[in-house]
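Notes for the one structure printed next.
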Amino acid sequence: MNGHLLSIVLFTPLAGMLVLLLLPGSNKTLIRIWANVASLAGFLVSLPLVWRYDKTASGFQMVETADWIPSLGVKYMLGIDGISLLLVMLTTLVGFLAVLSSWSAVQERVKEYYAMFLLQQTGMIGVFLALDFFLFYVFWEVVLVPMYFIIGVWGGPRKLYAAIKFFLYTLAGSVLMLLGILTLYFQHFEQFGFYTFEISDLMKLSLPLGLQQWVFWAFFVAFAIKVPMFPFHTWLPDAHVEAPTAGSVVLASVLLKMGTYGFLRFSLPLLPDASVTPAIVQVLAGLSLVAIIYGALVSLMQKDWKKLVAYSSVSHLGFCTLGIFALNPNGLAGSVIQQVNHGISTGMLFLIVGVIYERRHTREIKEYGGLAHVMPVYATVFAFAMLSSAGLPLLNGFIGEFTILQGAFETSRVWAAFAVTGVILGAAYLLWLYQRTMLGEVTNPKNKGLPDLNWRELAVFLPLIAWAIWIGVYPKPYFEVLEKPVAEIVERVRPGYFGQQAAVQALPGEVR
Amino acid sequence: MLHLWLIPAFPLAGFLANGLVGRRASKAAVNLIAIGSVVLSLLWVLKTLAALGPLEHTHIERYFTWFQSGDLRVGFDLAVDRLTAVMLLVVTSVGLLIHIYAIGYMSHEGGYYRFFAYFNLFMFFMLLLVMAANFLLMFVGWEGVGLCSYLLIGFYFLRHSATTAGNKAFIVNRIGDYGFTLAVFLIFLGFGSLDFETVFAAAAGRPVETSAGALTLIGLLLLAGAAGKSAQIPLYVWLPDAMEGPTPVSALIHAATMVTAGVYMIARCAPLYTRAPLALDVVALVGLATAVLAAIIGLAQTDIKKVFAYSTVSQLGYMFLGLGSGAYSAGIFHLVTHAFFKALLFLGAGSVIHALSGEQDLRRMGGLRKHTPVTFVTILCAAVAIAGVPPFSGFHSKDAILLAAHHHAPWMYWAGVATAGLTAFYVFRAVFLAFFGTYRGPHHPHESPAVMTLPLAALALLSLAGGYFNVPRWLEPMFPPAEGAHDALLVYISVAAAAAGISLAWLMYVARPGLADRLAGRLGWLYRLVYNKFFVDEIYDRALVRPCVEGSSAVLWRGVDAGLIDGAVNQVGMKARDAGSVLRLIQSGSIRSYAAWVLWGSVLALAALVLSRGAR
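Protein sequence lines correspond, in order, to chains A and B.
My numbering applies: residue 1 is where the first sequence begins, and numbers increase by one.
My numbering applies: residue 1001 is where the second sequence begins, and numbers increase by one.
Structure follows, in structure tokens:
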């Protein structure tokens, strides 16, 4: 049992889904209760990962291996390191909260709805745990399907357009990624004489720089679309606007992180020479900076509450990719922490839109105003989410942003100088949104007498609030968990990095 | 261990208590929590300072590592040295008086518990700011006080102008923080640490930069942060608007404490600035320019709080002038006396506003000295202090700054003296307009209750006698006294300027009441220029805000995003569908047409084969 913890974490939601399918579709309450129980169980079984994880050890832990398709060299192989640990915990918690938040929001095809969420949970956890590239690809594609249906069936008025756009966009990227994977697969056969998709094996390849760069760009398209990086981001606002609240929450909090995770787990370690090619680094950092500033400016002008939050994601994810391509410990660690932070903060912001959408069925910002007067608790929670997203110190966002900027600064002062403007603009679009929706007089009669948050709604926010404070006040454990895996990535792409650092620091002592 | 952490912890606890349960608590309970926490904080400050005695060395307490990434380690460390001691005393004592005053002032306002929760939260962050032992923890306090400022400016959140002013304050401060953040990175790059102790010790070993170098750049970037927080050119524009907040907020945050954080920060970084004389010159220039500009604008304002707001900007400019002249202790000295008399001016203004049921326009006041005698006398104490009348508090500190400025560059002294004259004029103009002549408004003015007038009296005492707290002497171990002898003539000149300002105000507003209006009419466009604050807000709006907003909307969003990128994406989709609909024609499902395709295909293949053979 203990040896299969990762499998248990991986398949608990799927098992929950299978049981769910057996329940009678007419009994909606039973289905709701079961879906909440199953997703809560999914979170609870993942908790032991936190204390079983040994932050002093390098490499992957709790590894499970079994042959899956021996003729192709495909293995069922799971393992966890600090990066995947944080993302898995984010997935299981946010997954549960998303299900909890859907209690009254979804009334039609309830059974199918929850089934899709549980299936998606397994898919996302699989992406973060897979150590076999083929297995990873399978989970990557599995995630696509439930989200397609969640948007396409339970979405808003333009749901089909948004769902198909989301699907085709991502699929286009996946195809290129598959080509990249196959290139590595056949290269491995040529060099070592056997077929494998195992990542640790593929890391032993010695590929010429030109080929690495081709594969890098193939992966890039897949991951950049998922993140999404500028200019591959236009599926995101449509998908978010049309998706039901819980779909948006999972999409923003977890699905996007599959892209950044792809860069961290595959692009950098498998293609280290390509990843440090100055031209590639410049392009990636440049696109990240454009995303940070452009995303914020476009966000500033949105008239649709949800679209505003969607564009803010483009800006925030720009920080994450910038941190990755700073290619130093601060940048990478900051990026992972910011991925978690974005999951918390933006998850909350989407939940906040969901709460009001359920009451008023509109997302037009100009329909609102003065809600703080009618819904004080709601306004307080929103203020908290806003401050967390805007990077106020002692809350989570600051830690991630600051560390990323520190890392970016170490690599290039110009990058940092541009990126910091994103912090200014971040405050601007959020404060303005808050002012237009929450403050002032209640001018629209439809907003009078709206009920404040009920206990279930508040319960969705409280864990995220607590988590945001924890990361903001005492982030040390997060940095400790990330120290080894981040160091491994840095050592892989910049061999001798830590040796040089030590030498630089030793120097003044010798002079003295 | 002296448990320094308790000093900020008390108000934090007050914030949590009032924030979580204050809504259902009685006013008395809210008062007890809010005032009690500040009292405890003040008592703990006194106890700590008594225990530390002469404070020859910095007392540092390290609690835990806040975060650590790579070589960057930031601790949750608090420190007390002589500079911090001064700040702690000012913040807790003036803070306490204003808290008490607010009981009376806010008694009829909604959201009573919310106000005091924010006030306590502000005290927490402000105390953290002055006790932080490294740059990043200081930044926590720095951002935190900014947040409280935002919340309290927008306290009357039903009023659009109030919430807009809150946004403006936060965003303009963020622009300043841009500099602060980059400075922090540069400091870490240059010194490998963010601890004040380590950084300043390392800086002490560096040579003075005669041309622009790393320290100069750090100094300038920190100045950007300070200019945001302390409302200096070009970032001062948020402070006058911040007067939308309740008057106790203006007194505590936007006069006595928060806005002086920039002054404190530069003084704290004196070891860096001393080695970057170019940056220090810029500090002096920015300070002087702000002092002059804001004093001129203050001449023509008609809203009593706006007059005092521009006065604050101007006085902060004075402090920067002192710092920039290398007289850090003079800058801090003026910070202290200013905290007394400016808090008093605002609280006095608040008392007047309270008496007139919310009226803030000087043109609808007048003759109030008969109706609100206590307020009148206390405001008069503040006025003589800020005008620099000897021997009251402002005289001592302003004198110290002007002498340092003269030593630094004589022309700066003369500009400073002229500003002192303007200061005396606009303050007494406000006093005369409000309290002399006959009452011009529709209300029935009444004196404020004792809970408001007692803090006024206490601050009046401090404003009169505060100059005898010899702050520069106390700070000598940290900031060596500036060179240059005490020149009595220079002192007489500045006192004469103050006297001239007061006399002119008397002439124009008491002796010959119509004179001011005639003069304004005569000066025409010049008066309008000053009255409209040189149109700086309008220029910023046209030159910066609108291009940003309209460009984002028209060019970036509708042009690039929806037009170019998404247009291209949709085009690809459309073309794919078109291609598909052509290809669909082939998939007709008719066996005979398939057979025909097979036939034609075979013929073509054969033909190709034959032809290629033949070609060979």
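All C-beta atoms, glycine included, are put in the ideal place defined by N, C-alpha and C.
In this text, all values refer to a predicted model and were calculated from it rather than measured experimentally.
| Item | Value |
| --- | --- |
| Rounded separation between tryptophan 467 of chain A and phenylalanine 220 of chain A - CA only | 31 Å |
| 8 Å Cβ cutoff, glycine 440 of chain A in contact with chain B | yes |
| Those runs of the alpha helix (DSSP H) which lie wholly inside the segment 60 to 122 of chain A and span at least 4 residues | 82 to 101 |
| Strand pairing of threonine 1065 of chain B, partner residues [DSSP] | B/Gly1075 |
| Given leucine 1088 of chain B as reference, the closest of B/Thr1372, B/Ala1169, B/Val1039 and B/His1446 once Cα atoms are compared | B/Val1039 |
| Residues that leucine 1544 of chain B contacts on chain A, provided the C-beta gap is smaller than 7 Å | Here the premise fails: no neighbours, minimum Cβ distance about 12 Å. |
| Pair within 8 Å by beta-carbon distance, leucine 1243 of chain B and lysine 1168 of chain B | Strictly speaking, residue 1243 of chain B in this sequence is methionine, with leucine absent from that position. It is not a contact, given that the beta carbons lie outside the stated cut-off. |
| Integer Cβ distance of tyrosine 1659 of chain B from alanine 1224 of chain B, believed to fall under 8 Å | Outside the modelled stretch of chain B, which goes from 1001 to 1616, sits residue 1659 of chain B, for which no answer is possible. |
| Euclidean distance between Cα positions of leucine 1002 of chain B and leucine 1049 of chain B | 10 Å |
| Option in A/His316, A/Phe189 and A/Leu40 with minimal Cα separation from threonine 421 of chain A | A/His316 |
| Contacting positions in the segment 1552 to 1570 of chain B - beta carbon closer than 7 Å to chain A | Ser1552, Ser1553, Leu1556, Trp1557, Asp1561, Ile1565, Asp1566 and Val1569 |
| Beta-carbon proximity of phenylalanine 319 of chain A to alanine 285 of chain A, cut-off 8 Å | no |
| Near-chain B residues of the segment 422 to 436 of chain A (beta-carbon distance less than 8 Å), N- to C-terminal order | Val423, Ile424, Ala427, Ala428, Leu431, Trp432 and Gln435 |
| Beta-carbon contacts of valine 1199 of chain B that lie in its chain and below 7 Å, excluding the five residues immediately before and after | Ile1187, Phe1191 and Ser1193 |
| First and last residue of the uninterrupted alpha helix (DSSP H) at glutamate 457 of chain A | 455 to 473 |
| Contacts around leucine 1012 of chain B, its chain only, beta-carbon distance under 7 Å, and the 5 residues preceding and following it disregarded | Phe1124 |
| Limits of the unbroken alpha helix (DSSP H) element including tyrosine 357 of chain A | 329 to 360 |
| Every unbroken alpha helix (DSSP H) within the segment 1337 to 1403 of chain B, with a cutoff of 4 residues, ordered by chain | 1368 to 1371 and 1373 to 1387 |
| Short CB-CB distance (under 8 Å) between valine 1549 of chain B and chain A | yes |
| Burial state of isoleucine 1502 of chain B (16 or more Cβ within 10 Å) | buried |
| CB contact flag (alanine 1294 of chain B, leucine 1129 of chain B, <8 Å) | no |
| Meets three-Cβ-pair contact criterion under 8 Å: the segment 435 to 442 of chain A and the segment 371 to 383 of chain A | yes |
| Spatial neighbours of tyrosine 1439 of chain B in its chain, beta-carbon cut-off 8 Å, leaving aside the 5 residues before and after | Met1365, Gly1366, Gly1367, Leu1368, His1371 and Pro1445 |
| Best match in B/Ala1227, B/Ser1093 and B/His1254 for proximity to proline 1240 of chain B [C-alpha to C-alpha] | B/His1254 |
| Supposed close pair glycine 1166 of chain B, tyrosine 1150 of chain B - CB separation, criterion 8 Å | 5 Å |
| Check whether valine 1352 of chain B and alanine 1434 of chain B have beta carbons under 8 Å apart | yes |
| Lysine 111 of chain A to arginine 456 of chain A span [Cα, whole Å] | 20 Å |
| Environment of valine 1074 of chain B [buried if 16+ CB atoms lie within 10 Å] | buried |
| Beta carbon proximity, glycine 334 of chain A to chain B, threshold 8 Å | yes |
| Run of the alpha helix (DSSP H) containing glutamine 1571 of chain B, from where it starts to where it stops | 1566 to 1586 |
| CB contact below 8 Å: asparagine 341 of chain A versus chain B | no |
| Contact belief for serine 312 of chain A with glycine 323 of chain A at Cβ below 8 Å, rounded distance in angstroms | Contact flag wrong, Cβ pair sits at about 17 Å. |
| Glycine 1014 of chain B versus valine 1021 of chain B: straight-line alpha-carbon distance, rounded | 11 Å |
| Residues of the segment 1580 to 1600 of chain B whose Cβ lies closer than 8 Å to any Cβ of chain A, in chain order | none |
| Identified DSSP bridge partners for valine 1080 of chain B | B/His1059 |
| Every unbroken alpha helix (DSSP H) within the segment 169 to 234 of chain A, with a cutoff of 4 residues, ordered by chain | 199 to 202 and 209 to 226 |
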